[in-house]
Each structure stands twice: as structure tokens, then as C-alpha cells.
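In this note's numbering, the protein residues as written are 64 to 517.
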Ligand code: PNW
């Protein structure tokens, strides 16, 4: 046994991180355009104005994807390119761009996986309250209707939201990312409720308006864990921590992925939310539950790292401190491949849906070496370790449907600008030259052999 025969291999990007052309062809402003232009928020005051200039270079990028053996490509649509103010009028030039992109992918034998929202909130909607305004669910419904009507003849796989946890946790709690706010618990729970409903409305629109049956999921992130040992106590404590808040902080409420995933896949908030935040939690009506927990076709998890858990007194989960000098990436994120075995296993157990890793990868210290190659051997080792763990989860019976490496090419890493390189392909931002890194050739072989070379 190994990865299944029709396993989906690919890589992922997001629109603001690669497209550039931020103010071209009628595109409206989004919160990232404003956040970067305001200055003071992003490393070096970098912006996504040009990024990888993918908007003008998508044909050569897709050619490279094909050469590098990609079978599937997860990308996101920039809402304000399609609807400049976020609602109402549709910008045909924006539609044309994604039409050409989709056609080019299909012509090259690459299956498109479309994310509707990867953090590109139109600024005009933000001015009306954005995620704090309950109308967000209807705005998202209308946008999703356009996506379904225009693209579902060719796109069969959709992700509603990318990482609701980051949308709130980084955008509205820590304020590291756009719109850069630090809001309190009342606002946070209003947004959790609004986002859940927006997801539900998006699913409705995609089901109602698509011209053929489509498959729908979302890409979650959130805290994941692995056990300190194989003892039943440590494993149980890890399973518990994965789906239950391990303290009563607002941070934990946002980052424990049961907060979003239980309502979406099981139709109920996890009980700790009510225990700890009953004063601000917005209860779901029967109608809300029906809307939010409409059956999905798969589950998507973005995973970069996990924390180690051991059973403490009474079996309660305790996070194990990492030793000094623990392996870390350029994001200072720990290298914890075990998470790609345990998280899929536990998540599959709980939600019972075909499981995708929708993002996984690392920022490493990449530059062009004297011989012209980008020798990112750390990335090869990282992929090898994480993919072996994922393979073990598949062999143990979890229905692992696919894996999207983050990212196809170096790009605008949000608040860290261009300082962090996550790509399989190196981008020289001065010349826009693309150079496949050594890891791209390794990953090509992984895809070709369906993981047999791991
Ligand atoms: C993801 N965390 O973000 C995003 O989906 C990508 O757009 C991004 O480039 C990539 O990961 C790398 O950062 C995350 O703090 C950001 O747990 C932060 C976290 C998780 C995901």
C-alpha cells in the first residue's frame, strides 16, 4: 500500500502573493493593497503591486508547471478583480484573466483547484465593516455565484475559505496582517459567526449555480499536535488537544480548529467555546446549522508545523518544550514531520472526509549558487520527511486524497514581504527570471512515482 492511484499531486499559490497588476484592468483595491501602501506594516514596506508579475506571465508559469510535472494547481481568485467594489458590477477583464488561466492549465493537463477567498477582501466591503458585518455572507454568496456561473464549466474543485483561523487570528487579533486590527472577544465571536455563515452561503451558491456537479471543501489551518511517545496516554492526550481548547484564552479559541471545523463538519460549536465564551458566543439557530454544515466533499488542511504533547496529571495534555537548537526553518517554525501523520489521522477519524493537505512547505535560505543552481537541499529533506509521514497516515487507513506543496514559486510572504522564499521555483524579483530549485526536480520524481521514491 502507498498513496492511492488517483492521488492528487500539485502545488499552491494565492492571488495577492503572485499576480501583481494590482491596479490594472479595472481591479478594485483590497485590504492588502491598502495595508501595504499605508506603510509600516510589512517588512521593507514591500507590496504586492508587481509580485511575480504572474498576471502577465501566467502562460510561461504554467508551461513551467507542466515541465515540472504538476498534475494539479491550487490558486485563488482575487475578489476585487472580479467585482471591483466587492458587490454588484462584474469586471469582464478580471473574468477574462481567470478564464485564460483556467484554459491554459487545462490545455497543459493541470487540474485547477480554485480557492474563492485567500485574504483578498475588497476594500469597499471592508469600509462597510467587512467580516464584522453580517452582510458578508450575502456578499460572499453573490461573488461565489459569479465564480460558479463563469468557471464551473471547467473548474470542478473549489475551496471556500483559506484558513478562517488566520483571517481572524492574524488580521483581527494579533493584527500582524491586513487589516491589522486588534479587536476584542465580542468582535472576534461576531466574525467567527459571520465567517461560518459566509462559508455556508458560498457552498449554497456553488451547489446552486454550478453548471455541473462540483466538489467543495475549504482549507483550514490551526493548531496540530503529535504525541511525545506511542503510549496510549500520550496519544489520547494528543487526540484530545487536537479538538479541544487546552486553555481558556481567546488565542486558543481562534486557533483550535474545532472552533470552525466542528460547526462546518459536525453542525455544532465545540462545548468549550460555550464554557469559556458563553457571554459573547453567537448561538447557531437550526437554520444556521443547516446552512453551515451542508455536506462537503472533502477536508483541506494547511500544515507547516505541530507541537508535541504528553499526558500530564489526570491524562490532561501538556505541551512539551522543544530543546534548544531544535531544527527550524527560516520562518523560525519547527520542523515537525510527525504532524503530517497524526493530524490527518485524527482529522480523518473525526470528520470522515477525503483529506487533502492543501498547503505544506517551508521558507529556506535560497539563493542562486555560482553554478547557477538553487541548491535547497533542506527543502528536499523537509519534503521527504513530511511526505513519508503523510504516506504512513494513508497506509494506516486515512483516506488521503492529495497534497499541494506550498508554494509553486517564491512570492510575497504577507507581512514578511519578499524576504522569505517558500517556492519550488526561485524568482529573481529584479528580472522576473524563474529558476527551478533542486527541490522542484525532487518533487517531480515524487509525483511521477506516486511517492515510491520517498
Ligand atoms: C499560510 N500560522 O499562512 C497561507 O495560506 C499562505 O498564504 C502563506 O504564504 C503560507 O501559509 C506561509 O506562511 C499561514 O501562524 C500563516 O499558524 C501563519 C500560520 C499558518 C498559516
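In this text, a Cβ means the ideal position worked out from N, Cα and C, and glycines have one as well.
Note that the structure is a prediction, hence the values are computed from the model and not measured.
Determine the direct distance from the alpha carbon of residue 230 to that of residue 95, and round the result to whole angstroms.
-> On the chain shown, position 32 is the one that residue 95 refers to. On the chain shown, position 167 is the one that residue 230 refers to. Taking the straight line joining both Cα atoms gives about 12 Å.
For residue 433, does the count of other Cβ atoms within 10 angstroms reach 16, so buried, or fall short, so exposed?
-> To locate residue 433, count along the chain shown from 1; it is residue 370. Using a 10 angstroms sphere on the CB of residue 433, the tally of other CB atoms stays under 16, which defines it as exposed.
Going straight from the alpha carbon of residue 446 to that of residue 112, what length do you get?
-> Counting from one through the chain shown, the residue named residue 446 turns up at place 383. Counting from one through the chain shown, the residue named residue 112 turns up at place 49. Cα-Cα distance, rounded: 31 Å.
Using the DSSP secondary-structure output, state which residues sit across from residue 488 in a beta bridge.
-> Numbered from its first residue, the chain shown carries residue 488 at position 425. The partner list for residue 488 (beta bridge, DSSP) reads 472 and 499.
Leaving out the 5 sequence neighbours to the left and right, which residues in its chain are closer than 6 Å to residue 158 when beta-carbon positions are compared?
-> Indexing the chain shown from 1 puts residue 158 at position 95. Same-chain partners within the cutoff: 213.
List the endpoints of the continuous alpha helix (DSSP H) containing residue 318.
-> Position 255 of the chain shown holds residue 318. Segment 313 to 318, the alpha helix (DSSP H) holding residue 318.
The segment 75 to 95 / the segment 107 to 121 touching (three or more Cβ pairs under 8 Å) = These segments touch.
Cα-Cα separation, residue 269 to residue 180 | The residue you call residue 269 lines up with position 206 of the chain shown. The residue you call residue 180 lines up with position 117 of the chain shown. Near 14 Å, if we compare the C-alpha coordinates of residue 180 and residue 269.
Check each candidate in 273, 182, 257 and 202 and name the one with the smallest Cα separation from residue 233.
-> On the chain shown, residue 233 is found 170 positions in, with the first residue counted as 1. Cα-wise, what sits closest to residue 233 is 182.
Residue closest to residue 71, alpha-carbon to alpha-carbon, out of 98, 79, 504 and 136 | Taking the first residue of the chain shown as position 1, residue 71 is located at position 8. The candidate whose alpha carbon is nearest that of residue 71 is 136.
Using only the heavy atoms of the ligand PNW, determine whether one of them is closer than 7 Å to the beta carbon of residue 95.
-> Stepping through the chain shown from its first residue, residue 95 is reached at position 32. No, the beta carbon of residue 95 sits no closer than 7 Å to any heavy atom of the ligand PNW.
Any idea what DSSP makes of residue 440, helix, strand or coil?
-> Reading the chain shown from its first residue, position 377 is the one you call residue 440. DSSP places residue 440 in the helix class (H, G or I) of the three-state scheme.
Is any heavy atom in the ligand PNW found nearer than 7 Å to the beta carbon of residue 80?
-> Position 17 of the chain shown, counted from the first residue, corresponds to residue 80. Under cutoff, so the answer is yes.
Have a look at 133, 105, 77 and 170 and flag the residue whose alpha-carbon is nearest the alpha-carbon of residue 178.
-> The residue labelled residue 178 in the question sits at position 115 within the chain shown. Residue 77 is the option with its Cα nearest to residue 178.
Whole-number beta carbon distance between residue 429 and residue 500, since they are thought to touch under 8 Å | Position 437 of the chain shown, counted from the start, is the residue given in the question as residue 500. Position 366 of the chain shown, counted from the start, is the residue given in the question as residue 429. Right, their Cβ atoms sit about 6 Å apart.
To the nearest whole angstrom, what separates the beta carbons of residue 150 and residue 202, a pair I think is in contact under 8 Å?
-> What you label residue 150 is simply residue 87 of the chain shown in a count that begins at 1. What you label residue 202 is simply residue 139 of the chain shown in a count that begins at 1. Indeed they touch by this definition, with Cβ atoms about 5 Å apart.
Which first and last residues belong to the beta strand (DSSP E) in which residue 280 is found?
-> Looking up residue 280 in the chain shown gives position 217. Per DSSP, residue 280 belongs to the beta strand (DSSP E) from 278 to 283.
Report yes if the C-beta of residue 226 is less than 7 Å from at least one heavy atom of the ligand PNW; otherwise report no.
-> As a position in the chain shown, residue 226 is number 163, starting the count at 1. Result yes, Cβ under 7 Å from the ligand PNW.
For residue 326, does the count of other Cβ atoms within 10 angstroms reach 16, so buried, or fall short, so exposed?
-> Taking the chain shown and counting its residues from 1, the one referred to as residue 326 is at position 263. The C-beta of residue 326 has 16 or more other C-beta atoms within 10 Å across all chains shown, which makes the residue buried.
Taking contact to mean at least 3 C-beta pairs separated by less than 8 Å, is the segment 337 to 350 in contact with the segment 301 to 321?
-> Verdict: yes, contact present.
Quick one: residues in its chain with C-beta nearer than 7 Å to the C-beta of residue 161, no 5 flanking neighbours on either side, listed in chain order?
-> For the purposes of this step, residue 161 is identified with residue 98 of the chain shown, where counting begins at 1. Within the same chain, residue 161 has close Cβ partners 140 and 214.
Beta carbon of residue 419 nearer than 8 Å to that of residue 410 | Here the question's residue 419 lines up with position 356 in the chain shown. Here the question's residue 410 lines up with position 347 in the chain shown. Contact: no.
With which residues is residue 225 paired in a DSSP beta bridge?
-> Translated into positions along the chain shown, residue 225 becomes position 162. Bridge partners of residue 225: 282.
Is the segment 401 to 410 close to the segment 284 to 299, with three or more CB pairs under 8 Å?
-> Verdict: yes, contact present.
Closer than 7 Å: is that where the CB of residue 77 sits relative to any heavy atom of the ligand PNW?
-> As a working mapping, residue 77 is identified with position 14 in the chain shown. Result yes, Cβ under 7 Å from the ligand PNW.
May I ask whether a heavy atom of the ligand PNW can be found less than 7 Å away from the beta carbon of residue 141?
-> Within the chain shown, residue 141 is the residue found at index 78, counting from 1. False, no ligand heavy atom lies under 7 Å from that Cβ.
Residue 367 Cβ short of 7 Å to the ligand GTP heavy atom set = No copy of the ligand GTP occurs in the structure displayed; its ligands are the ligand PNW alone.
Between residue 261 and residue 226, is the Cβ-Cβ spacing less than 8 Å?
-> Position 198 of the chain shown holds residue 261. Position 163 of the chain shown holds residue 226. No, the Cβ-Cβ distance between residue 261 and residue 226 is not below 8 Å.
Considering only residues of the segment 365 to 398, which uninterrupted beta strand (DSSP E) runs meet the minimum length of 3 residues and lie entirely inside it, listed in chain order?
-> For secondary structure counted as the beta strand (DSSP E) over 3 or more consecutive residues, the segment 365 to 398 holds these complete runs in sequence order: 370 to 374 and 380 to 382.
From the DSSP output, which residues share a beta bridge with residue 71?
-> Working through the chain shown from its first residue, we reach residue 71 at position 8. For residue 71, the beta-bridge partners assigned by DSSP are 465.
With respect to the beta strand (DSSP E) encompassing residue 21, which residues constitute its N-terminal and C-terminal limits?
-> A question about residue 21 goes unanswered here, because the residues of the chain that appear run from 64 up to 517.
Starting from residue 329, trace the beta strand (DSSP E) both ways and give me its first and last residue.
-> To locate residue 329, count along the chain shown from 1; it is residue 266. Not the beta strand (DSSP E): residue 329 falls in the alpha helix (DSSP H), residues 321 to 329.
Inter-residue Cα distance where the pair is residue 516 and residue 508 | Along the chain shown, read from residue 1 onward, the residue named residue 516 stands at position 453. Along the chain shown, read from residue 1 onward, the residue named residue 508 stands at position 445. Near 7 Å, if we compare the C-alpha coordinates of residue 508 and residue 516.
May I ask you to verify whether the segment 100 to 108 touches the segment 487 to 503, counting CB pairs closer than 8 Å and requiring at least 3?
-> Taking a cut-off of 8 Å for Cβ pairs, the segment 100 to 108 and the segment 487 to 503 do not touch, as fewer than three such pairs fall below it.
Leaving out the 5 sequence neighbours to the left and right, which residues in its chain are closer than 6 Å to residue 274 when beta-carbon positions are compared?
-> Position 211 of the chain shown, counted from the start, is the residue given in the question as residue 274. 215 and 216, listed in sequence order.
Which first and last residues belong to the beta strand (DSSP E) in which residue 421 is found?
-> What you label residue 421 is simply residue 358 of the chain shown in a count that begins at 1. Where residue 421 is concerned, the enclosing beta strand (DSSP E) stretches over 418 to 422.
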